[in-house]
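Residue numbers (our numbering): 41 to 538. Backbone N, C-alpha and C fix where the C-beta goes; we use that ideal spot for every residue, glycine too. Below is one structure, written out as structure tokens; the observations come after it.
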């Protein structure tokens, strides 16, 4: 039985139609994958469903009732909850404060009934099989716990349909499995999910059905069991899709990056030499130390021992500015928290890093910066109407290209990419893979940290597998296989740590 039907939904912004009469149907007690590249119209449609936008045309039916338009408050009352990729939690408040915000229990007219709220939060977590302390401050929670807290908030509001936008981005494999077991349990209770993701293995593991959009148009819908990942990807990307291997071997030069006995928060005794024009992939279970290593190399974390040199010159520990002077760049994993300056334009976000290096020079010359931006826009294929638009007007993939331009603008030669394709669509991913190979061909030295092994198969010359903060194994390109990497990253393959 259908829970949600959206038919002929159209939406325009400033005279430009972004949804061209699209349809969506979600059944009760099912997980429905909503698929498409960034800019396909998924977010706009979900914002119409949750009352953020009003559709120009079309009909919405939810739980047997017809609506011409829905407000934000009404969508919540009807039982629709949206768990965004950028979680909407108050880090300085407790867990139970976040659940009951705006709906607090009171004793009398003034006093909050803390004990009742804590008890109900505990009951909610027990229902989900979640071990979270209701009185803990949210800032102290792990990403997986924050994700489950958002779902708990939705259940507290008696949600019948929960929209999950890239819910596994910050989770490791065990945490993903736990989340999926919770989703399956709630599905058995009759709760429905709209699952938005770019990760094909997860889509096929958790979803019952799917709908694909492309460029604001409805493309296809069906049951997951009747299709396969390559067919879905072709529907999402269109004729431009190619499943061919991206990797291209190339000549490499002398050693550029050298780590000797390098230890710090989360990693121990790292010994690694990386050559000019080489692409090295780092991987391992989340928390294994590979991400922390990149952040220490850029000066965000301070190492405790060992040396790090670039072209034979020692990089000052714990100094971002010194790392930048050594032509090192870091593309961090969380765009929203670590890259985006939301109040600035695309142009300002691009030239920010270079201006930090040249702060003692003459004032910023906008014409000069626009000229530089134009060069990078063409090089990286950044899709933006104007450099003066807010950075948040761009899709995730185009934002990431702006941040790559930010570092190319500093003439960086050592590029540290921490999960560079996190939360972006397959088309943008393919573009970034090609850019990485192009940078290596031009002689830049690249280190990529990622949990996605197919990513390393497409670009990496070598794969360095981490376990418990140490290098467990270094695999050559033709040895990079998901099963093999998992054996080393879980320590199931008993070999001496390097």
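Checklist entry - Helix or strand or just coil, what does DSSP make of residue 458? => result strand
Item to check | C-beta contact flag for residue 511 and residue 500 at 8 Å | outcome: no
Next on the checklist: Tell me the DSSP secondary structure of residue 467 in three-state form.
Outcome noted: If DSSP states are grouped into helix, strand and coil, residue 467 belongs with the helices.
Next on the checklist: Quick check on residue 141: buried or exposed, where buried means 16 or more other Cβ atoms within 10 Å of its Cβ?
Outcome noted: exposed
Checklist entry - If you run the structure through DSSP and keep just helix, strand and coil, what is residue 149? => result coil
Checklist entry - Nearest-angstrom Cα distance between residue 429 and residue 385? => result 5 Å
Next on the checklist: Nearest by alpha-carbon distance to residue 176: which of 195, 168, 131 and 73 is it?
Outcome noted: The candidate whose alpha carbon is nearest that of residue 176 is 131.
Next on the checklist: Please report the distance separating the alpha-carbon of residue 522 from that of residue 69.
Outcome noted: 32 Å
Item to check | 7 Å CB neighbourhood of residue 362 in its chain, flanking five on each side removed | outcome: Counting only residues of its own chain and dropping the five nearest sequence neighbours on each side, residue 362 has a CB closer than 7 Å to the CB of 339, 355 and 356.
Checklist entry - Can you give, in chain order, each stretch of the beta strand (DSSP E) that sits fully within the segment 330-413 and has at least 3 residues? => result 345-350 and 368-371
Checklist entry - Beta carbon of residue 286, beta carbon of residue 473: below 8 Å? => result Closer than 8 Å, so yes.
Next on the checklist: Helix, strand or coil for residue 510? Go by DSSP, reduced to three states.
Outcome noted: strand
Item to check | Segment contact flag, the segment 250-257 with the segment 78-86, C-beta cutoff 8 Å, min 3 pairs | outcome: Of all C-beta pairs linking the segment 250-257 to the segment 78-86, three or more are shorter than 8 Å, placing the two stretches in contact.
Checklist entry - Distance, Cα to Cα, residue 536 vs residue 216? => result Only weak support is given to the placement of residue 536: the predicted model assigns it a pLDDT of 49, under 50, and the value that follows is read from those uncertain coordinates. One C-alpha to the other measures close to 29 Å.
Item to check | Chain-order list of residues whose beta-carbon lies under 6 Å from that of residue 515 (same chain, five-residue window excluded) | outcome: 503
Next on the checklist: In the DSSP output, what is residue 265 paired with across the bridge?
Outcome noted: BP columns for residue 265 are empty, so no partner.
Checklist entry - Exposed or buried, which one is residue 381 when buried takes at least 16 other CB atoms within 10 Å? => result exposed
Checklist entry - According to DSSP, is residue 294 helix, strand or coil? => result coil
Item to check | Buried or exposed by the 16-neighbour rule on C-beta atoms within 10 Å, applied to residue 53 | outcome: exposed
Checklist entry - Expressed to the nearest angstrom, what Euclidean distance is found between the alpha-carbon atoms of residue 408 and residue 423? => result Residue 408 and residue 423 have their C-alpha atoms some 20 Å from each other.
Checklist entry - If you drop the 5 nearest sequence neighbours on each side, which residues of the same chain put their C-beta closer than 7 Å to that of residue 477? => result 286, 288 and 499
Next on the checklist: For a quick check, are the C-beta atoms of residue 462 and residue 209 less than 8 Å apart?
Outcome noted: yes
Checklist entry - By DSSP, does residue 84 sit in helix, in strand, or in coil? => result helix
Next on the checklist: Measuring alpha carbon to alpha carbon, tell me which residue in 151, 101, 414 and 180 is nearest residue 133.
Outcome noted: 180
Item to check | Stretch pair the segment 317-331 + the segment 523-533: three plus CB contacts closer than 8 Å | outcome: yes
Checklist entry - Tell me which same chain residues have a C-beta within less than 6 Å of the C-beta of residue 184, skipping the five on either side of it? => result Counting only Cβ-Cβ distances below 6 Å, and skipping sequence neighbours, we find 211 and 215.
Checklist entry - Counting pairs of beta carbons, one from the segment 331-338 and one from the segment 287-306, are three or more of them closer than 8 Å? => result Cβ pair count under 8 Å is three or more, so yes.
Item to check | Under 8 Å between C-beta atoms of residue 165 and residue 192 | outcome: yes
Checklist entry - On the three-pair Cβ rule with 8 Å, is the segment 389-398 touching the segment 346-353? => result no
Next on the checklist: Closest to residue 198 by C-alpha separation, out of 116, 218, 276 and 213, would be which residue?
Outcome noted: 116
Checklist entry - Where residue 225 and residue 379 are concerned, what is the direct C-alpha to C-alpha distance, given to the nearest angstrom? => result Between residue 225 and residue 379, the C-alpha separation is close to 36 Å.
Checklist entry - What number of angstroms, rounded off, separates the C-alpha of residue 262 from the C-alpha of residue 297? => result 50 Å
Item to check | residue 206 beta carbon less than 8 Å from that of residue 129 | outcome: no
Checklist entry - Roughly how many angstroms separate the alpha carbons of residue 44 and residue 101, rounded to a whole number? => result Rounded to the nearest angstrom, the two C-alpha atoms are 6 Å apart.
Next on the checklist: Counting C-beta neighbours from all protein chains within 10 Å, is the total for residue 446 16 or more, i.e. buried, or is it exposed?
Outcome noted: buried
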